[in-house]
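Undergrad: Residue numbers (the working numbering): 146 to 504.
This structure is in structure tokens; I'll ask about it shortly.
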Amino acid sequence: MSEVITFNALLQRMLDRVPDTVDKREGSIIYDALAPAAAELVQAYIELEGYLDLVFVDTSAESYLTRLCSQFGVDRQAATYAVRKASFKNGSNNPFNVPIGSRYTIDTLAYSVIEKIGEGIFQLRCETAGTIGNTSFGKLIPVDYIEGLASAELEDVLIPGEEEETDNQLKERYFEYVREPAFGGNMADYKRKIKALDGVGSVKVFPVWNGEGTVKLVLLDSEYNIPTSTLIAYVKDEVTPDNSENGLGIAPIGHTVTVIGAGTTTIDVGITVILANGYSQEVVTLAIKETIGNYIRTIREEWEKNDTLTVRLAHIDSRTLNVDGVLDVGTTTINSTENNVVISAENVPVLGEVVINYA
Numbered sequence: 146m147s148e149v150i151t152f153n154a155l156l157q158r159m160l161d162r163v164p165d166t167v168d169k170r171e172g173s174i175i176y177d178a179l180a181p182a183a184a185e186l187v188q189a190y191i192e193l194e195g196y197l198d199l200v201f202v203d204t205s206a207e208s209y210l211t212r213l214c215s216q217f218g219v220d221r222q223a224a225t226y227a228v229r230k231a232s233f234k235n236g237s238n239n240p241f242n243v244p245i246g247s248r249y250t251i252d253t254l255a256y257s258v259i260e261k262i263g264e265g266i267f268q269l270r271c272e273t274a275g276t277i278g279n280t281s282f283g284k285l286i287p288v289d290y291i292e293g294l295a296s297a298e299l300e301d302v303l304i305p306g307e308e309e310e311t312d313n314q315l316k317e318r319y320f321e322y323v324r325e326p327a328f329g330g331n332m333a334d335y336k337r338k339i340k341a342l343d344g345v346g347s348v349k350v351f352p353v354w355n356g357e358g359t360v361k362l363v364l365l366d367s368e369y370n371i372p373t374s375t376l377i378a379y380v381k382d383e384v385t386p387d388n389s390e391n392g393l394g395i396a397p398i399g400h401t402v403t404v405i406g407a408g409t410t411t412i413d414v415g416i417t418v419i420l421a422n423g424y425s426q427e428v429v430t431l432a433i434k435e436t437i438g439n440y441i442r443t444i445r446e447e448w449e450k451n452d453t454l455t456v457r458l459a460h461i462d463s464r465t466l467n468v469d470g471v472l473d474v475g476t477t478t479i480n481s482t483e484n485n486v487v488i489s490a491e492n493v494p495v496l497g498e499v500v501i502n503y504a
């Protein structure tokens with residue numbers, strides 16, 4: 146609304162509608178009768194301003210945003226369940242096969258067996274949706290007694306669990322939907338459908354990469370890490386079931402689709418740091434490594450939107466300077482050179498060794 150409605154202005158408008166033959170001074174009967182109504186109306190105008198924002202996607206939020214987007218077929222993505230790898234052994238420390246559907250706990254989470262991978266190795270699905278299912282590792286405890294089972298270990302994350310889509314993520318997908326029409330296996334169509342699959346965080350589409358009718362899909366998982374072979378196989382089966390070109394999956398008829406995980410470029414960092422008084426090298430070293438690791442992750446998050454990625458010395462320096470206990474930063478190297486590192490389209494940076502020298 147362009148006009149700002151104030152209490153005094155609204156009350157005056159109401160009083161102006163009362164005949165001048167009636168006492169309208171402050172404290173009069175009519176004044177005291179209209180003032181509370183004016184206060185409530187001003188509050189209603191304020192709330193109306195907020196409701197106006199809720200009817201437009203760019204300013205809407207929560208359930209209002211969900212309903213707006215669903216009108217165009219863009220539904221908010223629900224939280225998904227992590228799929229994990231677990232190994233089971235008997236009293237002789239040999240692989241042990243457990244029943245499909247058997248349940249196990251670790252920390253506050255429960256997992257159920259859904260598929261056999263190999264002897265004594267199974268896929269488990271977390272019974273709690275979200276990223277929490279990606280976090281625990283170690284000893285599993287069976288919910289019910291299983292004769293012959295001596296040990297169970299929760300290991301790799303095969304398909305990461307994801308949280309419910311945030312408002313900003315939903316808005317981004319909505320605007321992609323309306324601005325980049327998807328149809329018939331074009332790039333927008335592949336991107337939209339692949340990213341809707343559980344565990345997929347980013348995808349790059351390379352059309353006609355190996356001749357007519359060929360498409361290459363390069364993936365990162367929902368944690369922006371290299372996808373597991375399990376996730377790649379799942380996506381491949383959704384795109385071209387039974388490896389056919391008959392249009393039975395996401396891929397249109399005649400498309401030969403290759404699904405792979407992104408390649409990696411190892412980033413080794415060397416940095417010279419001047420330590421502030423009162424701080425220990427051990428604590429600061431851990432903080433610096435975490436900071437640089439977070440920077441590398443932010444680069445991976447931008448991978449899908451960029452042809453190439455660049456790991457920059459200046460960004461490493463600036464982030465390191467913000468670490469508590471770092472007084473100054475000296476020479477910094479990436480992969481033993483004092484240059485930025487440019488990463489090719491199909492690769493993402495992975496943090497390798499971080500060597501910190503204290504001056």
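By construction, the Cβ of each residue, glycine as well, lies at the ideal position given by its N, Cα and C atoms.
If you draw a straight line from the alpha carbon of residue 432 to that of residue 496, how long is it in whole angstroms?
TA: In the sequence shown, residue 432 corresponds to position 287, counting from 1. In the sequence shown, residue 496 corresponds to position 351, counting from 1. Computed Cα separation, rounded: 15 Å.
Undergrad: Would you mind reading off the limits of the alpha helix (DSSP H) that contains residue 320?
TA: For the purposes of this step, residue 320 is identified with residue 175 of the sequence shown, where counting begins at 1. First-last of the alpha helix (DSSP H) with residue 320: 312-324.
Undergrad: How long is the line joining the alpha carbons of residue 394 and residue 454, rounded to whole angstroms?
TA: As a first step, residue 394 must be located in the sequence shown, where it is residue number 249. As a first step, residue 454 must be located in the sequence shown, where it is residue number 309. Rounded to whole angstroms, residue 394 to residue 454 spans 32 Å at the Cα level.
Undergrad: Using only CA atoms, which one of 387, 452, 461 and 380 lies nearest to residue 416?
TA: To locate residue 416, count along the sequence shown from 1; it is residue 271. Closest option to residue 416, Cα to Cα, is 461.
Undergrad: With DSSP run on the structure shown, which of helix, strand or coil describes residue 408?
TA: Sequence index remark: in the sequence shown, residue 408 carries index 263 (1-based). Of the three classes helix, strand and coil, the one that applies to residue 408 here is strand, per DSSP.
Undergrad: Is the CB-CB distance between residue 345 and residue 377 below 8 Å?
TA: For this step, residue 345 is matched to residue 200 along the sequence shown. For this step, residue 377 is matched to residue 232 along the sequence shown. Cβ distance not < 8 Å, so residue 345 and residue 377 don't count as in contact.
Undergrad: Residue 379 and residue 304: beta carbons closer than 8 Å?
TA: The residue you call residue 379 lines up with position 234 of the sequence shown. The residue you call residue 304 lines up with position 159 of the sequence shown. Yes, the Cβ-Cβ distance between residue 379 and residue 304 is below 8 Å.
Undergrad: If you drop the 5 nearest sequence neighbours on each side, which residues of the same chain put their C-beta closer than 8 Å to that of residue 288?
TA: Start at 1 with the first residue of the sequence shown, and residue 288 comes out as number 143. Within the same chain, residue 288 has close Cβ partners 247, 248, 249, 250 and 255.
Undergrad: With which residues is residue 442 paired in a DSSP beta bridge?
TA: In the sequence shown, the residue the question calls residue 442 occupies position 297. Note: residue 442 sits in no beta bridge, so no partner.
Undergrad: Is it right to say residue 286 is buried, meaning 16 or more other beta carbons lie within 10 angstroms of its own, or is it exposed?
TA: Taking the sequence shown and counting its residues from 1, the one referred to as residue 286 is at position 141. That one is exposed.
Undergrad: Counting along the chain, where does the alpha helix (DSSP H) carrying residue 339 start and finish?
TA: By 1-based counting over the sequence shown, the position of residue 339 is 194. Start and end: 332-340.
Undergrad: Nearest to residue 230 by CA position, among 238, 259, 481 and 174, is which residue?
TA: As a working mapping, residue 230 is identified with position 85 in the sequence shown. Ranking the options by Cα distance to residue 230, first place goes to 259.
Undergrad: Going straight from the alpha carbon of residue 353 to that of residue 323, what length do you get?
TA: Walking along the sequence shown from the start, residue 353 turns up at place 208. Walking along the sequence shown from the start, residue 323 turns up at place 178. So the alpha carbons of these two residues sit roughly 25 Å apart.
Undergrad: Just to confirm the assignment: which complete beta strand (DSSP E) runs, minimum length 3, are found wholly within the stretch 344-375?
TA: The stretch 344-375 contains these whole beta strand (DSSP E) runs: 345-352 and 359-366.
Undergrad: May I ask you to report which of helix, strand or coil DSSP gives residue 170?
TA: Along the sequence shown, one-based indexing puts residue 170 at 25. Three-state DSSP puts residue 170 in coil, outside helix and strand.
Undergrad: Quick one: residues in its chain with C-beta nearer than 8 Å to the C-beta of residue 419, no 5 flanking neighbours on either side, listed in chain order?
TA: Indexing the sequence shown from 1 puts residue 419 at position 274. Excluding residues within five positions, the ones whose Cβ falls inside 8 Å are 471, 472, 473, 474, 475, 503 and 504.
Undergrad: Taking Cβ positions, are residue 364 and residue 389 nearer each other than 8 Å?
TA: Position 219 of the sequence shown, counted from the first residue, corresponds to residue 364. Position 244 of the sequence shown, counted from the first residue, corresponds to residue 389. Not closer than 8 Å, so no.
Undergrad: Of the residues 330, 401 and 406, which one's Cα is nearest the Cα of residue 366?
TA: Here residue 366 corresponds to residue number 221 of the sequence shown, with the count starting at 1. Out of 330, 401 and 406, 406 has the C-alpha closest to the C-alpha of residue 366.
Undergrad: Pick out the complete beta strand (DSSP E) segments inside the stretch 174-220, 3 residues or longer, and give them in chain order.
TA: Runs of the beta strand (DSSP E) inside the stretch 174-220: none found.
Undergrad: For residue 343, count neighbouring Cβ atoms within 10 angstroms of its own Cβ and tell me buried if that reaches 16, exposed if not.
TA: Mapped onto the sequence shown, residue 343 falls at position 198. By the 10 Å Cβ count, residue 343 comes out buried.
Undergrad: Is it buried or exposed for residue 290, if we count other Cβ within 10 angstroms and need 16 for buried?
TA: What you label residue 290 is simply residue 145 of the sequence shown in a count that begins at 1. Exposed, since its Cβ has fewer than 16 Cβ neighbours within 10 Å.
Undergrad: My output table needs one value for residue 290: the three-state DSSP class, helix, strand or coil.
TA: Position 145 of the sequence shown, counted from the first residue, corresponds to residue 290. Looking at residue 290 - three-state DSSP - the assignment turns out to be coil, as it is neither helix nor strand.
Undergrad: Does DSSP classify residue 241 as helix, strand or coil?
TA: Counting from one through the sequence shown, the residue named residue 241 turns up at place 96. Coil, per DSSP.
Undergrad: Report yes if the CB atom of residue 306 is closer than 8 Å to the CB atom of residue 278, and no otherwise.
TA: Taking the sequence shown and counting its residues from 1, the one referred to as residue 306 is at position 161. Taking the sequence shown and counting its residues from 1, the one referred to as residue 278 is at position 133. Yes, the Cβ-Cβ distance between residue 306 and residue 278 is below 8 Å.
Undergrad: Is it buried or exposed, residue 245, if we count other Cβ atoms within 10 angstroms and call 16 or more buried?
TA: The residue you call residue 245 lines up with position 100 of the sequence shown. It counts as exposed.
Undergrad: Which value, in whole angstroms, describes the spacing of the CA atoms of residue 200 and residue 375?
TA: Start at 1 with the first residue of the sequence shown, and residue 200 comes out as number 55. Start at 1 with the first residue of the sequence shown, and residue 375 comes out as number 230. Roughly 41 Å separates the two Cα atoms.
Undergrad: Evaluate residue 487 with the Cβ neighbour count: other Cβ atoms within 10 Å of its Cβ, from every protein chain shown; 16 or more gives buried, anything less gives exposed.
TA: What you label residue 487 is simply residue 342 of the sequence shown in a count that begins at 1. With fewer than 16 Cβ atoms within 10 Å of its Cβ, residue 487 is classed as exposed.
Undergrad: For residue 414 and residue 479, which I take to be in contact (beta-carbon distance under 8 Å), what is that distance rounded to the nearest angstrom?
TA: The residue given as residue 414 occupies position 269 in the sequence shown. The residue given as residue 479 occupies position 334 in the sequence shown. Confirmed, about 6 Å.
Undergrad: In whole angstroms, what is the alpha-carbon distance linking residue 463 and residue 190?
TA: Position 318 of the sequence shown holds residue 463. Position 45 of the sequence shown holds residue 190. Each residue's Cα considered, the two are about 46 Å apart.
Undergrad: Are residue 360 and residue 335 close, meaning C-beta to C-beta below 8 Å?
TA: In the sequence shown, residue 360 corresponds to position 215, counting from 1. In the sequence shown, residue 335 corresponds to position 190, counting from 1. Closer than 8 Å, so yes.
Undergrad: So, under 8 Å CB-CB, residue 456 and residue 398 are touching, yes? Tell me the CB distance rounded to an integer number of Å.
TA: As a working note, residue 456 is residue 311 in the sequence shown. As a working note, residue 398 is residue 253 in the sequence shown. About 41 Å; that fails the 8 Å criterion.
Undergrad: By how many angstroms is the C-alpha of residue 396 removed from the C-alpha of residue 466?
TA: Sequence index remark: in the sequence shown, residue 466 carries index 321 (1-based). Sequence index remark: in the sequence shown, residue 396 carries index 251 (1-based). For residue 466 and residue 396, the distance between alpha carbons rounds to 48 Å.
Undergrad: Quick one: Cα of residue 154 to Cα of residue 442, how far?
TA: Here residue 154 corresponds to residue number 9 of the sequence shown, with the count starting at 1. Here residue 442 corresponds to residue number 297 of the sequence shown, with the count starting at 1. Roughly 54 Å between the two C-alpha positions.
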